[in-house]
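These protein sequence lines are chains A and B, in that order.
Take the first sequence: its letter number 84 is residue 84 in my numbering, and every next letter is one higher.
Take the second sequence: its letter number 59 is residue 201 in my numbering, and every next letter is one higher.
C-beta: ideal position from N, C-alpha, C; glycine also.
All figures in this text were calculated on a predicted structure; none of them were measured in a lab.
The structure under discussion appears below in the form of structure tokens.
2 protein chains.
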Amino acid sequence: MRPGPDVICNCLAVRQAARQLTQMYENALAGTGLRATQFSVLARLSQIEPATMQTLAEELVMDRTTLSHNLKPLERDGLVAVAVADGDQRVRQLRLTKTGMSTLKAAHQAWLRAQQKFERAFGVDEAAALRRELARAITAAS
Amino acid sequence: MRPGPDVICNCLAVRQAARQLTQMYENALAGTGLRATQFSVLARLSQIEPATMQTLAEELVMDRTTLSHNLKPLERDGLVAVAVADGDQRVRQLRLTKTGMSTLKAAHQAWLRAQQKFERAFGVDEAAALRRELARAITAAS
DNA sequence: TGACGAAAAGTGCACATGCACGCATTTAGA
DNA sequence: TCTAAATGCGTGCATGTGCACTTTTCGTCA
Numbered sequence: 001m002r003p004g005p006d007v008i009c010n011c012l013a014v015r016q017a018a019r020q021l022t023q024m025y026e027n028a029l030a031g032t033g034l035r036a037t038q039f040s041v042l043a044r045l046s047q048i049e050p051a052t053m054q055t056l057a058e059e060l061v062m063d064r065t066t067l068s069h070n071l072k073p074l075e076r077d078g079l080v081a082v083a084v085a086d087g088d089q090r091v092r093q094l095r096l097t098k099t100g101m102s103t104l105k106a107a108h109q110a111w112l113r114a115q116q117k118f119e120r121a122f123g124v125d126e127a128a129a130l131r132r133e134l135a136r137a138i139t140a141a142s
Numbered sequence: 143m144r145p146g147p148d149v150i151c152n153c154l155a156v157r158q159a160a161r162q163l164t165q166m167y168e169n170a171l172a173g174t175g176l177r178a179t180q181f182s183v184l185a186r187l188s189q190i191e192p193a194t195m196q197t198l199a200e201e202l203v204m205d206r207t208t209l210s211h212n213l214k215p216l217e218r219d220g221l222v223a224v225a226v227a228d229g230d231q232r233v234r235q236l237r238l239t240k241t242g243m244s245t246l247k248a249a250h251q252a253w254l255r256a257q258q259k260f261e262r263a264f265g266v267d268e269a270a271a272l273r274r275e276l277a278r279a280i281t282a283a284s
């Protein structure tokens, strides 16, 4: 998939890169049973556990309803446990199950391979700078 | 959607930015009848018309089958015409219809508003630099 | 305490994304 | 020339994405 001549649309530029990066990382994740999005959900959840739907969605820069959809296969496969929070019936308490933790740990190895492969080609410092600029782009588009 | 502390995954960083930028541009495109992806398909097609499926997909850094799916609503609504190419029955000849051209022209105004709004917040030169880095990221992930 | 607005989350819909698989056509080689 | 490989596309499936709408629950205030 060779890019065309000089994309001038910022939105298209980011989406194209997202498609290509996603393919690379998902290729590395093949065999772990996780998609790229699912890996990021589990990874982030493991850091802020227990989390609510809204909190985890904000952390992932993801729409609340999108996270709701994305949790379906994870809950179905027993990787994430969804419980009603204490004191407020409206709130969900999201946690990793033991299976979720072990799956995440195994997938982390595969993720690291993709991460390192990309950064060898793109540059470690350049990748860090790119991530910072992307974070700034998120702010600019908010 | 406030981003969490320092995303270290390049894939997640790009995907988060893609989600946020897409929301901004689609908000601007609301009323034109086009989604962000559809706008980019029409815009690119207008530059390389007539194009084949594979050619247009490569230009958009998009999987061939994804473009096939994405063309469905555009063809259904009469914005893109798909014909069999001369000399090779396997090849499709993609063209914008008159409706497609006028819709693209109208949507271009809306796109420009989003583009300028983003670049006012993010910086014009910084946006150009970001697009260049994203193009390099696509190469690195290929 | 009862009604009403706010907050948290779920659901249906349409489109986005790409892999696996299959079909039709073309080309290359024996 | 006839057949096998290569080429160009389409389709089914599962997931990703977010808007509009709904449901449930909580807090507030008269």
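Secondary structure at residue i, three-state DSSP: helix, strand or coil?
i	result
arginine 234 of chain B	strand
alanine 141 of chain A	coil
aspartate 267 of chain B	helix
aspartate 205 of chain B	coil
proline 117 of chain B	Because residue 117 of chain B is not part of the residues shown, which for chain B are 143 to 284, the question remains open.
cysteine 151 of chain B	coil
glycine 229 of chain B	coil
glutamate 261 of chain B	helix
glutamate 191 of chain B	coil
threonine 103 of chain A	helix
threonine 22 of chain A	helix
Just reading off the alpha helix (DSSP H) that residue i is part of, what are its end residues?
i	result
valine 348 of chain B	As shown, chain B starts at 143 and ends at 284. That puts residue 348 of chain B outside it, with no answer to give.
alanine 30 of chain A	Careful: alanine 30 of chain A lies outside any alpha helix (DSSP H) and carries neither H nor E.
methionine 195 of chain B	195–201
arginine 35 of chain A	Element bounds for arginine 35 of chain A: n/a, residue is neither H nor E.
Relative to the alpha-carbon of residue i, which residue among the options has its alpha-carbon at the smallest distance?
i	options	result
isoleucine 190 of chain B	B:Arg273, B:Leu238, B:Ala271 and B:Phe260	B:Leu238
arginine 44 of chain A	B:Leu154, B:Val226 and B:Leu163	B:Leu154
valine 91 of chain A	A:Ser68, A:His108 and A:Arg19	A:Ser68
alanine 252 of chain B	B:Phe181, B:Glu200 and B:Arg278	B:Phe181
glutamate 200 of chain B	A:Ala51, A:Leu134 and A:Ala17	A:Ala17
threonine 52 of chain A	A:Leu74, A:Cys9, A:Val82 and A:Ala114	A:Val82
aspartate 86 of chain A	A:Asp6, A:Pro50 and A:Ala127	A:Pro50
arginine 76 of chain A	A:Gly100, A:Val84 and A:Gln89	A:Gly100
leucine 134 of chain A	B:Ala279, B:Leu221 and B:Leu272	B:Leu272
leucine 202 of chain B	B:Leu216, B:Asp148, B:Thr179 and B:Asp230	B:Thr179
glutamine 207 of chain B	B:Arg161, B:Pro215 and B:Gln196	Correcting the residue type first, residue 207 of chain B is threonine in the shown sequence and not glutamine. Of the listed residues, the one whose Cα sits closest to threonine 207 of chain B is B:Gln196.
serine 244 of chain B	B:Gln257, B:Leu221, B:Cys151 and B:Phe260	B:Leu221
Practice task
Decide if the region 15–27 of chain A is in contact with the region 92–106 of chain A; the criterion is three or more beta carbon pairs, one per stretch, under 8 Å apart.
Solution key: no
Practice task
Spell out a yes or no on whether the region 132–141 of chain A and the region 248–268 of chain B are touching, meaning 3 or more CB-CB pairs, one atom from each, closer than 8 Å.
Solution key: yes
Problem - the region 242–250 of chain B contacting the region 175–182 of chain B, beta-carbon criterion three pairs below 8 Å - result: yes
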